[in-house]
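Here the structure is laid out as structure tokens; the discussion comes afterwards.
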Amino acid sequence: MNSNSVTQHIVLFEEAGQRLDNFLFRMAKGVPKTHIYRIIRSGEVRINKKRADASQKIQEGDVLRLPPMRVSEAKAPTNDYISKKISSEITVLYEDDSILVVDKPSGIAVHGGSGVSLGLIEAMRAQRPNAKFLELVHRLDRDTSGILMLAKKRSALVHLHEQIREGKMEKRYLLIVHGGLPVSNKSIALKYPLLKYLLPNGERRVRVASDGGQPSHTNIRVKASYYDGLCSLVEAQLKTGRTHQIRVHLQSYGHPILGDDKYGDQELDKVLRPKRLMLHARHLSFVHPKTEEKMTFEADIPEAFEKLAQP
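If you're matching positions, the sequence shown starts at 1 in UniProt numbering and goes up one per residue.
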């Protein structure tokens, strides 16, 4: 979230269903809640150009008008600084007049405002000052690496969101989990219902909840086992797109992901000492929103995975 000017944010598929105030608490960490309630009451925050109530649920595709908000005392990064971050850390896999596909490193947030001043979307907009439209199609957690797609036209965003809703976009992840699992070409279906909630400090969390949880489905396949069964390499395919879905599903399955500071096992992490969250968005397949061509992208396996896979 830009703290110096009015911005627009189009609600993503996985952001939908939240109260407006809770969404803003997460987007603008560090901003007092009293200030957020004040800008909502005054009409400075709008949904689809209309005044909104703090309790209003945001829906996929809603256009939020967000006024300037001071999220940090730190000086905002300059465009030159953003350009250097782009060139040194983010790899563009594909770009045309409709879409932009990138390989995001672990440690870069997809947008600013969640306790960080620089986000990938702000960086990409700064690199393309003539782009009239540039929005995230989906999200990756800050510590998750891999393929991320952005839309350069509103029509493309609508088309791609429709593919997500209808299960026509294929996302596959590589992850390393604690514990030995039998290697098999057979797929294991994890279908734990997930419920989002907030910690007292406003941070998002997700837990399995049979009462009130959203239906969630992840298919996993065990690819390899390392260190005499201390950890396993797993491929996961998302069938639904819930917040933190893979991380919570593997935790509930009894094999948390290495390096997961929210849902992992810190004591077990001390044994293998992962340098990051071992979760990587490896594969993305979809239909191009303009040409209707089937497109498939694969992101290189991160060095941290390769090092851990070499006993």
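Glycine residues also receive a C-beta, built at the ideal position from the N, C-alpha and C atoms.
Assuming N219 is part of the beta strand (DSSP E), what are its boundary residues?
Residue mapping note: residue 219 aligns to position 219 of the sequence shown, counting from 1. For N219, the uninterrupted beta strand (DSSP E) run begins and ends at T218 to Y226, by DSSP.
Let me check one thing: in DSSP terms, what residues is R172 bridge-paired to?
The sequence position of residue 172 within the sequence shown is 172, counting from 1. Beta bridge pairing from DSSP links R172 with Q237 and H283.
Helix, strand or coil: how does DSSP classify A74 here?
In the sequence shown, counting from the first residue as 1, residue 74 sits at position 74. Since pLDDT at A74 reaches only 44, below the 50 mark, its modelled position is unreliable, and no value is offered.
For P67, I'd like the list of residues in its chain whose CB is within less than 8 Å of its CB, leaving aside the five on either flank, ordered along the chain.
Position 67 of the sequence shown, counted from the first residue, corresponds to residue 67. Correct list, in chain order: V6, I39, E44 and V45.
What do you reckon, are the CB atoms on I147 and A281 nearer than 8 Å?
Here residue 147 refers to the residue found at position 147 of the sequence shown. Here residue 281 refers to the residue found at position 281 of the sequence shown. Contact: yes.
Going by the beta-carbon positions, is the gap between K300 and L277 smaller than 8 Å?
Here the question's residue 300 lines up with position 300 in the sequence shown. Here the question's residue 277 lines up with position 277 in the sequence shown. The question names Lys, yet the displayed sequence has Asp at residue 300. Cβ atoms of D300 and L277: not closer than 8 Å.
Roughly how many angstroms separate the alpha carbons of E15 and L181, rounded to a whole number?
In the sequence shown, counting from the first residue as 1, residue 15 sits at position 15. In the sequence shown, counting from the first residue as 1, residue 181 sits at position 181. Cα-Cα distance, rounded: 33 Å.
Neighbourhood of N219 by C-beta distance below 6 Å, restricted to the same chain and skipping five residues each side:
For the purposes of this step, residue 219 is taken as residue 219 along the sequence shown, with counting starting at 1. Closer than 6 Å at the Cβ level, and outside the excluded window around N219, lie S187, A189 and Q237.
Suppose contacts are defined by Cβ-Cβ distances below 8 Å. Is Y263 in contact with R247 by that definition?
Taking the sequence shown and counting its residues from 1, the one referred to as residue 263 is at position 263. Taking the sequence shown and counting its residues from 1, the one referred to as residue 247 is at position 247. Yes.
Using the three-state DSSP reduction, which class does D62 fall into: helix, strand or coil?
For the purposes of this step, residue 62 is taken as the residue at position 62 of the sequence shown. If DSSP states are grouped into helix, strand and coil, D62 belongs with coil.
Assuming the contact rule is C-beta atoms closer than 8 Å, L250 and V177 should be a hit. Round their C-beta distance to whole Å, please.
Position 250 of the sequence shown, counting from 1, holds the residue named residue 250. Position 177 of the sequence shown, counting from 1, holds the residue named residue 177. Correct: roughly 6 Å between the Cβ atoms.
For N48 and K196, what's the separation of their Cα atoms in angstroms?
Walking along the sequence shown from the start, residue 48 turns up at place 48. Walking along the sequence shown from the start, residue 196 turns up at place 196. Taking the straight line from one Cα to the other gives about 25 Å.
Given a threshold of 16 other Cβ atoms within 10 Å of its Cβ, counted over all protein chains shown, does N22 qualify as buried or as exposed?
Within the sequence shown, numbered from 1, the residue matching residue 22 stands at position 22. Flag for N22 reads buried.
Tell me the rounded alpha-carbon separation between E60 and A151.
Position 60 of the sequence shown, counted from the start, is the residue given in the question as residue 60. Position 151 of the sequence shown, counted from the start, is the residue given in the question as residue 151. About 15 Å.
Report the option in V158, K275, H283 and R273 whose CA atom is closest to the CA atom of L136.
To locate residue 136, count along the sequence shown from 1; it is residue 136. For the residues V158, K275, H283 and R273, the minimum Cα distance to L136 belongs to V158.
With a CB to CB cut of under 7 Å and the five nearest residues on each side skipped, what residues in its chain are close to D269?
Translated into positions along the sequence shown, residue 269 becomes position 269. Counting only Cβ-Cβ distances below 7 Å, and skipping sequence neighbours, we find L258 and G259.
Using the C-alpha atoms, what's the distance from L174 back to V234?
Position 234 of the sequence shown, counting from 1, holds the residue named residue 234. Position 174 of the sequence shown, counting from 1, holds the residue named residue 174. Rounded to the nearest angstrom, the two C-alpha atoms are 6 Å apart.
Does DSSP put F25 in a helix, in a strand, or in coil?
Counted from its first residue, the sequence shown places residue 25 at position 25. F25 falls in the helix class under three-state DSSP.
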